[in-house]
Amino acid sequence: FSRQCFRVTSAISTELIPKYPNVPVLLTLGDLELPSERKPRFEFTEEIALRCASGQGPSTFPGHAWITLGSDYIVDLTIGTWMVIDSMKQIRCGGIVHGRQGELQFCPMHAPLHERPAGFEKLRYTPVIVGSDAVELVCRKPAEDHRARDTQASSLP
């Protein structure tokens, strides 16, 4: 796992924060169950997150990253493409998966090599760490752009 989901998600969430100041935009790290596997893909748990934070975890991030808007709206910028490439064994764009758990939708990319990821609506997300402070703890990388927003978001009803 190359951490691409974290890089893409972090970059986009940083762009969203100033454009939508009234919407809590939170980096989320967790696990993901793919419909074809019927078990968590990464087996990323709180225990593993704590080991990562103490420097005793794996050298690469053992989970998946997505954006959570508000408290439960998922925006996954990378899983669609990963699913399409994994199933077709060819480079293709997979679009954006978004929505609430159990009500996921798909937003296609306008690209010549676009494919719809099969089974995206059955993805099961399990958040383990939400917000920049937790992400910073695990990844040991400053997340200054997210701190102010996370503080605002935690004070929302």
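Each residue of the sequence shown is one higher than the one before, starting from 116 at the first, in my numbering.
Don't be surprised by glycine CBs; every beta carbon is placed ideally from N, CA and C.
Remember, it's a predicted structure, so these values are computed and weren't measured experimentally.
With 16 other Cβ atoms within 10 Å as the buried cut-off, status of Leu192: buried
State whether the segment 158-178 contacts the segment 122-133, with contact taken as three or more CB pairs (one from each stretch) at a distance under 8 angstroms. no
Pair within 8 angstroms by beta-carbon distance, Leu141 and Gly246: yes
Assigned secondary structure, Thr160 (DSSP; H/G/I helix, E/B strand, else coil): coil
Just verifying my parser: in three-state terms, what is the DSSP assignment at Glu236? helix
What are the boundary residues of the alpha helix (DSSP H) that Glu218 is part of? Unbroken run through Glu218: none, as it is neither H nor E.
Check the DSSP bridge columns for Thr183 and list the partner residues they point to. Leu141, Ile189
If distances are taken between C-alpha atoms only, which option among Ile182, Thr160, Glu161, Trp197 comes closest to Ala126? Ile182
Below 8 angstroms on the Cβ atoms is my contact criterion, and I expect Phe221 with Ala180 to pass it. Report the Cβ-Cβ distance as a whole number of Å. Phe221 to Ala180, Cβ: 19 angstroms. No contact.
Using a 10 Å radius around the Cβ and a threshold of 16 neighbouring Cβ atoms, would you call Asp146 buried or exposed? buried
Assign Gly178 to buried or exposed, taking buried as 16 or more other Cβ atoms, counted over all protein chains shown, within 10 Å of its Cβ. buried
Coil, strand or helix - Glu251 by DSSP: helix
How many Å lie between Ala128 and Pro232 at the Cα? Residue identity check: residue 128 is Ser in the sequence provided, not Ala. Distance between the alpha carbons of Ser128 and Pro232: 23 angstroms.
Which listed residue (Glu236, Met224, Pro136) has its alpha carbon closest to that of Glu218: Glu236
Quick check on DSSP: helix, strand or coil for Leu131? helix
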